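Trainee: If you read the protein sequences in the order shown, they are chains A and B.
The opening residue of the first sequence carries number 1 in our numbering; numbering runs sequentially from there.
The opening residue of the second sequence carries number 1001 in our numbering; numbering runs sequentially from there.
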Amino acid sequence: MPADPHDLAPIAGDSMAAPTRRRQTAGARRRRALRLRERLRTAALGAVSIIAFLGLWQAASSTHLDLFLRFDNIPAPSQVAVRAVAVVGSQSFLNDVLTSCDRVFLGFAIAALLAVPTGLVIGRYRIAHDLIFPLTELLRPVPAIAWVPISIMLWPTDWQSIVFITFLGAYFPILLNTLHGVRRIDPVLVLAARSLGASEGAIFREVYLPGALPAIFTGLAVGMGVGWVSVIAAEMISGQSGIGYFTWEAYSLIRYSDIVLGMVAIGLLGLVSSTAIRGLGRLAMPWIPAP
Amino acid sequence: MIPTKGLIEIDHFGLEYISDGGATQAVADVSLSVRPGEFVSILGPSGCGKSTLLNAVAGFLKPTQGRVRVDGEEIRAPGADRGMVFQQYSLFPWKTVRQNVEFGLKMKGIGADQRERMARTLLALAGLIGFEDHYPDRLSGGMKQRVGIVRALATGPKVLLLDEPFGALDAQTRVIMQQILTNIWQRLRISVLFVTHDIDEAIFLSDRVYVMTARPGRVKAEVAIPLPRPRDPESMIGAEFLALRRELAGLIREESLHAMGGELAGGMSGIDVMLGDGSLVEML
Ligand SMILES: Nc1ncnc2c1ncn2[C@@H]1O[C@H](COP(=O)(O)OP(=O)(O)OP(=O)(O)O)[C@@H](O)[C@H]1O
Ligand SMILES: [Mg+2]
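1. What's the call for N1100/B, buried or exposed, on a 16-neighbour Cβ count within 10 Å?
2. Sorted by chain position, which residues of the same chain lie with C-beta nearer than 8 Å to T178/A's C-beta, five sequence neighbours on each side aside?
3. Just grab the DSSP bridge partners of T1196/B for me.
4. Counting only the same chain and skipping the five closest in sequence on each side, list residues whose C-beta sits under 7 Å from that of L1227/B.
5. Can you tell which of V97/A, R39/A, I74/A, S49/A has its C-alpha closest to the C-alpha of Y245/A?
6. Can you check whether the CB of V1040/B is closer than 7 Å to the CB of L1257/B?
7. Throw me the rounded Cβ distance for the P1078/B and G1014/B pair, which I believe falls under 8 Å.
8. Would you mind stating whether R1115/B and E1132/B have Cβ atoms separated by less than 7 Å?
9. Using only alpha-carbon positions, find the residue among L1181/B, K1158/B, I1110/B, M1118/B that is nearest to Q1145/B.
10. Can you pull the chain B residues whose beta carbon is under 7 Å from the beta carbon of A202/A, in chain order?
11. In this structure, how does DSSP classify H1258/B when only helix, strand and coil are distinguished?
12. Would you grab the beta carbon distance between A1080/B and T1155/B for me? Rounded to a whole angstrom, and I think it's under 8 Å.
13. Which residues, taken in chain order from the stretch 1014 to 1039 of chain B, show a beta carbon closer than 9 Å to some beta carbon of chain A?
14. Using a Cβ cut-off of 7 Å (strictly closer), state whether G281/A contacts chain B.
15. Return the residue from the list R255/A, P173/A, L56/A, G242/A that minimises the CA-CA distance to V82/A.
16. With 7 Å set as the bound, which would you pick, yes or no: does the beta-carbon of A1112/B sit closer than that to a beta-carbon of chain A?
17. Suppose only complete runs of 4+ residues qualify. What are the alpha helix (DSSP H) ranges in the stretch 1112 to 1178 of chain B, listed by chain order?
18. Could you please give the first and the last residue of the uninterrupted beta strand (DSSP E) stretch that includes T1024/B?
19. For the stretch 182 to 195 of chain A, which residues have a CB atom closer than 9 Å to at least one CB atom of chain B, in sequence order?
20. Opposite Q1065/B in the DSSP bridges: which residues?
21. Is S1051/B near ligand 2 - that is, is its Cβ less than 6 Å away from at least one heavy atom of it?
22. In or out: E1222/B buried (at least 16 other Cβ within 10 Å) or exposed?
23. What residues in the stretch 1173 to 1185 of chain B have a beta carbon less than 8 Å from any beta carbon of chain A?
24. Compare the C-alpha of A266/A against each of I237/A, N73/A, A233/A, G239/A and name the closest.
25. So which of M1118/B, S1046/B, F1092/B, I1225/B has the shortest CA-CA distance to A185/A?
26. Assign M1212/B to one of three DSSP states: helix, strand, or coil.
27. Let me confirm a value: I162/A is counted as buried when at least 16 other C-beta atoms fall within 10 Å, else exposed. Which label applies?
28. Would you mind telling me which residues of chain B sit closer than 7 Å to W294/A, beta carbon to beta carbon, in chain order?
29. Alpha carbon to alpha carbon, what distance is there between G107/A and L154/A?
30. A1171/B CB to nearest chain A CB: under 7 Å?
31. Taking Cβ-Cβ distances shorter than 8 Å, what residues in chain A pair up with G1079/B?
32. Between A1168/B and G1141/B, is the Cβ-Cβ spacing less than 7 Å?
33. Do you know offhand how far L1105/B's Cα is from Y125/A's?
34. Is any heavy atom in ligand 1 found nearer than 6 Å to the beta carbon of A1026/B?
35. Excluding the 5 residues preceding and the 5 following W248/A in the sequence, name in chain order all residues of the same chain whose CB lies nearer than 7 Å to its CB.
36. Count the other CB atoms, across all protein chains shown, that sit within 10 Å of the CB of H1197/B; report buried if there are 16 or more and exposed otherwise.
The structure is reproduced here in structure tokens:
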């Protein structure tokens, strides 16, 4: 009988030394200082274009520039800033922001919970792919916003129909990226898992899911972006609340500074959500080297 | 202690690939065996069906003709009783070295503590202590293949199958890897079926070598390697070693020429010919 491989003492000698911790040398410190200077330079250059943009806008608005583009109704950045102080802390603005977040995250979460497993299964099984994929391809080219009228008729409440539209927007990018991720997994990894005794379920958990994770997170980031687009559009068209509604209502009520405030808020919310997803991705995929 | 488990019997094995372009007979009528605890190599030119043969023993491919058995039982599916090391790197990139090695044990339902203990012994055996928490991405090619070997051994398989595991490594690393593999094999007394197209590697490692013909692969010759063990790189310059090398080189040369098409066979004495796999062989 072959000896139990686990009862054996290790052989000394041929083992390599454990990696030594790199010490902080003067050279490393200098490189760090250089990197910091490099970064400051990059930041300064970026600031130049942003400040120029705001400056030109301020000039155009305060002089009521009317050269084909008409700035007479466009609020200047300074006016927006003054208005922001009054609005941003207010309860109703906060409510609008939270309402939109609620809708996006719910629609997005349902989309992710459905799209990831579906993508894994249709990526793995030819028969599931052939069954489900044609329907997907039929529905996918229709933008989520085009669903607004149908969605209003379909769902009992506004809130539900807006969540549904967000869901539709987020679903397809997540599904397609997951599918793509499964397809890109090196088949030898599946063979390796099988020869190590993995069952079909274990292969899903241990190979397909982690193997597709980078693509899944790409899909989640895109899906989150489309989710925001969808929720804003849906709120502008059919909502009674939410940051999209706030922005559109500001236009109807001639509160022009509020339009810009709404736009900025939407941009920031999108930024925060995509940063959060990227952060989650890094936590979930510690094997991917940091960029 | 004489090993009693891990008898591989390949009996008139043939395999035909069916694809859109038609059928390709990759391997035809191969019969060979590996006795318990024996180290056997399959040596053959590129494309002669070595991987095909090994994949059939692993259970990834069903024989079109003949039978493949391990300890008398016909192979029907892949399983942890046969450890497999692949021609290309095949570590799970999302698992650390330790998690890769523990994978088979986890599939067996062994608890975390025991898994870690078992993995540690094998990692030490392969000189991988200190790298347990690294991801494969950060390992050298030689380390990756060592982890691959250890991972295949962790479940305590009856046989170990290796498909040109050192093919992608530089010559120095290769020699070190061969010694490490020999060490592990001598400690575990496990049956090994090792595929290579490197003659020196086959001689250094094996008890017996089967030489295969060009496609469709058949067994052309069986050569025993009676060199005493333990072997070291110095034993690779002795007269006995050189005689074996000459014998195997002669066998392989005929097949490589075959693989390149018969037209090269005549009238090329004294010319160095680059073979398909890049090795330089002097024509007699
Ligand atoms: N899936 C497949 N479909 C059709 N033909 C195949 C397939 N896999 C391999 N072959 C063919 O079968 C033959 C044997 O392939 P195999 O990979 O077993 O050779 P090998 O000896 O391992 O070669 P190498 O030394 O290059 O690894 C080759 O001619 C190859 O082209
Ligand atoms: Mg091969």
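Ideal Cβ placement from N, Cα and C applies to all residues, glycine included.
It should be emphasised that the depicted structure is a prediction, and the values quoted were computed from it without experimental measurement.
Mentor: Taking the coordinates as given:
1. buried
2. A115, V116, T118, G119, L120, G123, A212, A215, I216, G219
3. L1043/B
4. S1235, E1240, F1241
5. V97/A
6. no
7. Not confirmed; about 20 Å, so no contact.
8. no
9. L1181/B
10. M1107
11. helix
12. 4 Å
13. P1036, G1037
14. no
15. R255/A
16. no
17. 1112 to 1125, 1141 to 1153
18. 1022 to 1034
19. D186, V188, L189, L191, A192, A193, R194, S195
20. G1014/B
21. yes
22. exposed
23. I1176, Q1179, I1180, N1183
24. Sequence inspection shows Ile at residue 266/A; the Ala mentioned does not correspond to that position. Checked all of I237/A, N73/A, A233/A, G239/A; the closest Cα to I266/A is A233/A.
25. Reading the sequence as shown, one finds Ile at residue 185/A and not Ala. Checked all of M1118/B, S1046/B, F1092/B, I1225/B; the closest Cα to I185/A is F1092/B.
26. strand
27. buried
28. The requested residue 294/A does not occur in the structure, where chain A is confined to residues 1 to 291.
29. 16 Å
30. no
31. S195, G197
32. yes
33. 27 Å
34. yes
35. M236
36. buried
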